[in-house]
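I have placed the structure first, in the form of structure tokens, so that the comments after it can refer back to it.
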Amino acid sequence: MTTVDLPSRAAESAGALLVVVGVVLLALLTLYLVGFDQGAISRSGMYLHELMHDGRHLLGLPCH
1 MTTVDLPSRA
11 AESAGALLVV
21 VGVVLLALLT
31 LYLVGFDQGA
41 ISRSGMYLHE
51 LMHDGRHLLG
61 LPCH
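Numbered per the numbering used here, the sequence shown spans residues 1 to 64.
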């Protein structure tokens, strides 16, 4: 007979919490870059600047 070692609920909860926190931080970073950056970080050319500008229009954020 074999035994199966199942992870505890605490480990599952901690893993789920870590994923949720990571997703929220990534969403906030994306919102900052698209909504409030205004080109301070995206200095790698006009293509990225225009992409972020169009994202602001898409989200309804004021940009000009």
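Using N, Cα and C, we set each Cβ at its ideal position, and we do this for glycine too. Note that the structure is predicted; figures quoted are calculated from it, not measured.
- Message: DSSP three-state label for S8, please.
- Response: Numbered from 1 along the sequence shown, position 8 holds the residue referred to as residue 8. It is coil, neither helix nor strand.
- Query: Are the beta-carbon atoms of V34 and M46 separated by less than 8 Å?
  - Reply: Start at 1 with the first residue of the sequence shown, and residue 34 comes out as number 34. Start at 1 with the first residue of the sequence shown, and residue 46 comes out as number 46. No, they are not a contact pair.
- Query: What residue from G55, T2, H64 and S8 has the CA that sits closest to Y32's CA?
  - Reply: As a first step, residue 32 is located in the sequence shown; it is residue number 32 there, counting from the start. With distances taken between Cα atoms, Y32 lies closest to G55.
- Expressed to the nearest angstrom, what Euclidean distance is found between the alpha-carbon atoms of L59 and L18? The residue labelled residue 59 in the question sits at position 59 within the sequence shown. The residue labelled residue 18 in the question sits at position 18 within the sequence shown. Cα to Cα, L59 sits roughly 27 Å from L18.
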